[in-house]
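Student: One structure coming up, written as structure tokens, with questions to follow.
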Amino acid sequence: MSSDSGSTARLVLLGPPGAGKGTQAARLAERLGVPAISTGDIFRANIKGGTELGRTAQEYTARGELVPDEVTNAMVRDRLAQPDAAQGFLLDGYPRNTAQVGELDAILGADGRALDAALEITADADVVVERLLKRAEIEGRADDTEPVIRRRLDVYAEQTAPVSGLYAERDLLVRVDGIGEVDEVTDRLLAALASQVG
Ligand code: AMP
Numbered sequence: 126m127s128s129d130s131g132s133t134a135r136l137v138l139l140g141p142p143g144a145g146k147g148t149q150a151a152r153l154a155e156r157l158g159v160p161a162i163s164t165g166d167i168f169r170a171n172i173k174g175g176t177e178l179g180r181t182a183q184e185y186t187a188r189g190e191l192v193p194d195e196v197t198n199a200m201v202r203d204r205l206a207q208p209d210a211a212q213g214f215l216l217d218g219y220p221r222n223t224a225q226v227g228e229l230d231a232i233l234g235a236d237g238r239a240l241d242a243a244l245e246i247t248a249d250a251d252v253v254v255e256r257l258l259k260r261a262e263i264e265g266r267a268d269d270t271e272p273v274i275r276r277r278l279d280v281y282a283e284q285t286a287p288v289s290g291l292y293a294e295r296d297l298l299v300r301v302d303g304i305g306e307v308d309e310v311t312d313r314l315l316a317a318l319a320s321q322v323g
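Residues in the sequence shown are numbered consecutively from 126, following my numbering.
Here's what the structure looks like:
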């Protein structure tokens with residue numbers, strides 16, 4: 126890991142909806158001993174709990190749009206201030222646009238922290254749509270209907286895809302093929318991470 130951070134793992138996981146981020150985030154986080162922090166999961170928990178944050182988030186998540194940055198950033202700032210994130214974390218679903226990249230830098234930089242790597246799971250559009258439609262049948266997620274899936278993929282292409290480029294410029298980006306068995310993809314991610322952070 127970075128030379129000033131001992132055995133920390135401060136990571137973000139990128140990739141299109143349906144690439145398997147949630148599944149892989151849970152597995153990687155367990156292996157690395159850090160919390161997996163999914164902004165989508167936090168929004169869903171708040172929607173379910175009927176909180177004010179949940180009511181705001183639902184207006185956007187239901188349409189496949191990004192929740193406004195000021196809402197999302199404040200939530201991530203609070204979550205990363207929790208003691209369990211002090212030695213590392215794996216962010217799943219954040220940052221999702223270039224402004225959030227800057228905000229994450231500011232949140233971490235304020236107490237001398239920095240990212241160790243950005244892992245990107247790649248998968249083509251046809252595969253992800255098929256996976257998401259299958260997940261819709263199993264989990265019944267409100268935003269897994271075909272029109273909302275299409276919108277989420279467009280939002281990804283327009284707003285989230287540029288995030289990878291920013292991390293590539295900093296030599297933090299590691300890309301891993303997300304097609305294959307779940308275990309295989311986890312092994313690829315761990316191997317890629319080991320080669321990135323040394
Ligand atoms: P996910 O579970 O990551 O697919 O996220 C589900 C939905 O939550 C997204 O379609 C967005 O509406 C919202 N969301 C999750 N993460 C973010 C984020 N970083 N910024 C804005 N909206 C987000």
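Every residue, glycine too, gets a C-beta built ideally from N, C-alpha and C.
Which of helix, strand or coil does DSSP assign to Asp-129?
Tutor: As a first step, residue 129 must be located in the sequence shown, where it is residue number 4. Caution is warranted here: a pLDDT of 42 is assigned to Asp-129, below 50, making its placement in the model unreliable, and no coordinate value can be reported.
Student: If I follow the unbroken alpha helix (DSSP H) through Glu-309, where does it start and stop?
Tutor: In the sequence shown, counting from the first residue as 1, residue 309 sits at position 184. Note, Glu-309: alpha helix (DSSP H), 307-322.
Student: Less than 8 Å between the CB atoms is what I'm expecting for Tyr-185 and Leu-178, so what's the real figure, rounded?
Tutor: Locating residue 185 in the sequence shown gives position 60, where the first residue counts as 1. Locating residue 178 in the sequence shown gives position 53, where the first residue counts as 1. That pair is no contact at about 12 Å.
Student: Could you spell out where the beta strand (DSSP E) holding Leu-216 opens and where it closes?
Tutor: For the purposes of this step, residue 216 is taken as the residue at position 91 of the sequence shown. Unbroken beta strand (DSSP E) run through Leu-216: 213-217.
Student: Give the secondary structure of Leu-240 by DSSP, where H, G and I count as helix, E and B as strand, and everything else as coil.
Tutor: The residue you call residue 240 lines up with position 115 of the sequence shown. Coil, per DSSP.
Student: By alpha-carbon positions, which one of Ala-239, Asp-241, Pro-141, Ile-162 ends up nearest to Thr-197?
Tutor: On the sequence shown, residue 197 is found 72 positions in, with the first residue counted as 1. Nearest C-alpha to Thr-197 among Ala-239, Asp-241, Pro-141, Ile-162: Ile-162.
Student: Are the CB atoms of Val-310 and Leu-216 nearer to each other than 8 Å?
Tutor: One-based indexing of the sequence shown puts residue 310 at position 185. One-based indexing of the sequence shown puts residue 216 at position 91. Not in contact: Val-310 and Leu-216 (Cβ atoms no closer than 8 Å).
Student: Count the other CB atoms within 10 Å of the CB of Gly-290; is the residue buried (16 or more) or exposed (fewer)?
Tutor: For this step, residue 290 is matched to residue 165 along the sequence shown. It is exposed - the Cβ of Gly-290 has fewer than 16 other Cβ atoms within 10 Å.
Student: In the DSSP assignment, find the unbroken alpha helix (DSSP H) run with Asp-194 in it and report its ends.
Tutor: What you label residue 194 is simply residue 69 of the sequence shown in a count that begins at 1. First-last of the alpha helix (DSSP H) with Asp-194: 194-205.
Student: Relative to ligand 1, is the shortest distance from any of its heavy atoms to the C-beta of Glu-190 smaller than 7 Å?
Tutor: Translated into positions along the sequence shown, residue 190 becomes position 65. Yes, ligand 1 has a heavy atom inside 7 Å of this Cβ.
Student: Nearest to Ile-232 by alpha carbon, out of Met-200, Leu-298, Thr-247, Ile-274?
Tutor: By one-based count along the sequence shown, residue 232 stands at place 107. The shortest Cα separation from Ile-232 among Met-200, Leu-298, Thr-247, Ile-274 belongs to Met-200.
Student: Leaving out five residues before and five after Arg-324 in sequence, what residues of the same chain have Cβ atoms less than 7 Å from its Cβ?
Tutor: One cannot answer for residue 324 here, as it falls past the ends of the chain, which runs 126 to 323.
Student: Tell me where the beta strand (DSSP E) around Arg-295 begins and ends.
Tutor: Along the sequence shown, read from residue 1 onward, the residue named residue 295 stands at position 170. Careful: Arg-295 lies outside any beta strand (DSSP E) and carries neither H nor E.
Student: Is the beta carbon of Lys-146 sitting closer than 8 Å to the one on Gly-218?
Tutor: Residue mapping note: residue 146 aligns to position 21 of the sequence shown, counting from 1. Residue mapping note: residue 218 aligns to position 93 of the sequence shown, counting from 1. A contact, by the Cβ cut-off of 8 Å.
Student: Per the DSSP calculation, Glu-245 is bridged to which residue(s)?
Tutor: Taking the first residue of the sequence shown as position 1, residue 245 is located at position 120. Paired residues: Leu-139, Arg-300.
Student: Which two residues bound the contiguous beta strand (DSSP E) that contains Ala-182?
Tutor: As a working mapping, residue 182 is identified with position 57 in the sequence shown. Segment 177-186 is the alpha helix (DSSP H) holding Ala-182; no beta strand (DSSP E) there.
Student: Please report the Cβ distance between Leu-278 and Ala-243, rounded to the nearest whole angstrom; I am assuming they are in contact, meaning their Cβ atoms lie under 8 Å.
Tutor: One-based indexing of the sequence shown puts residue 278 at position 153. One-based indexing of the sequence shown puts residue 243 at position 118. Actually they are not in contact, since the Cβ atoms of Leu-278 and Ala-243 sit about 20 Å apart, beyond 8 Å.
Student: To the nearest angstrom, how far is it from the Cα of Arg-295 to the Cα of Ile-274?
Tutor: Position 170 of the sequence shown holds residue 295. Position 149 of the sequence shown holds residue 274. Distance between the alpha carbons of Arg-295 and Ile-274: 31 Å.
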